[in-house]
Amino acid sequence: MSAYHNIVILTGAGLSAESGLGTFRGPGGLWENFRIEDVATPEAFARDPVRVHEFYNLRRSWHKQALPNAAHLALARLEREHGGNVLAVTQNIDALHEAAGTKNLIHMHGELERALCAACGTSAPWKEDLSIETLCARCGEAAMRPDVVWFGEMPREMERIYEALGACDLFVSIGTSGTVYPAAGFVMEARAAGAHAVELNLEPSDGADLFLERLEGPATGIVPTYVDRLLAG
Ligand code: OAD
């Protein structure tokens, strides 16, 4: 049982790094080998859907082999054992939070293991490759795309997220560089609501100064330690 009642956790690629999924920025990051404007915008998909499908098919194949790590498991334990509310908001499109057992979860940047029909708007679980020939099971159109949020598109469930931020007394940001909005602005929303704000990251993020407390290190070390501390009250 922790001293806090309403906890919002924001997670990013650093949380899944030790599950073998790369991060986006920094040395070896995904955006070093691919350009956002070639693979992660609606314009890129309109111009060259084959290339965009290849990019996400490749990432789906990596994600299939990944397992939740000690940090995902610790966050699921926090949700189970904390007496109040815990909402996890992830920018990650992998399914590792759910695999670890987290239930109250928002995928604000969508999910790689879902496909969306651009013709009829149907979203469905999807574990296989997608191509420009893949047909929608509902309307029959060949207009399937990964159900992810691209740059220039609106992140998911923002109303629910801002409501939770406005009511939280603890905000914890884990494994995110704090460079992509709106997620990078969540710490200010939480602080405006009077919440304590903590950053758990390998290194100081772009917005590190906005946090009242920071722990540095790999997520599999610092997240379980921090969760133990929280649950101890
Ligand atoms: P980034 O790649 O920008 O940042 C990852 C952060 O995790 C960095 O601050 C690293 O220092 C930290 N990190 C790396 N390994 C870690 C570890 N083992 N333990 C703890 N921290 C570690 O990833 P995000 O912030 O998630 O959006 O990126 C945000 C968004 O930008 C993504 O959702 C994606 C991307 O472009 C879209 O594609 C729309």
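Going left to right, the sequence shown walks through residues 143 to 375 as our numbering numbers them.
Beta carbons: idealized from backbone N, C-alpha and C, even for Gly.
Counting C-beta atoms within 10 angstroms of its own C-beta, Asp348 has fewer than 16 neighbours from the protein chains shown and is therefore classed as exposed.
Assigned with DSSP and collapsed to three states, Pro297 falls in coil, not helix or strand. With a 10 Å radius around the Cβ and a threshold of 16 neighbouring Cβ atoms, Pro210 comes out buried. Ala266 places its beta carbon 8 Å or farther from that of Leu247. Thr321 sits in coil when the DSSP states are folded into three classes, being neither helix nor strand. In this structure, Gln233 places its C-beta atom within 8 Å of the C-beta atom of Thr318. At a cut-off of 3 residues, the continuous stretches assigned as beta strand (DSSP E) that sit fully inside the stretch 264-290 are 265-267, 286-290.
Taking C-beta separations shorter than 6 Å and ignoring five residues to either side along the sequence, the partners of Arg202 in its chain run Leu254, following chain order.
By the C-beta criterion, the stretch 363-371 is judged to be in contact with the stretch 210-220, since at least 3 inter-stretch pairs fall below 8 Å. Proximity to Trp204 across Ile235, Val181, Gly226, Phe187 peaks at Ile235, based on C-alpha coordinates.
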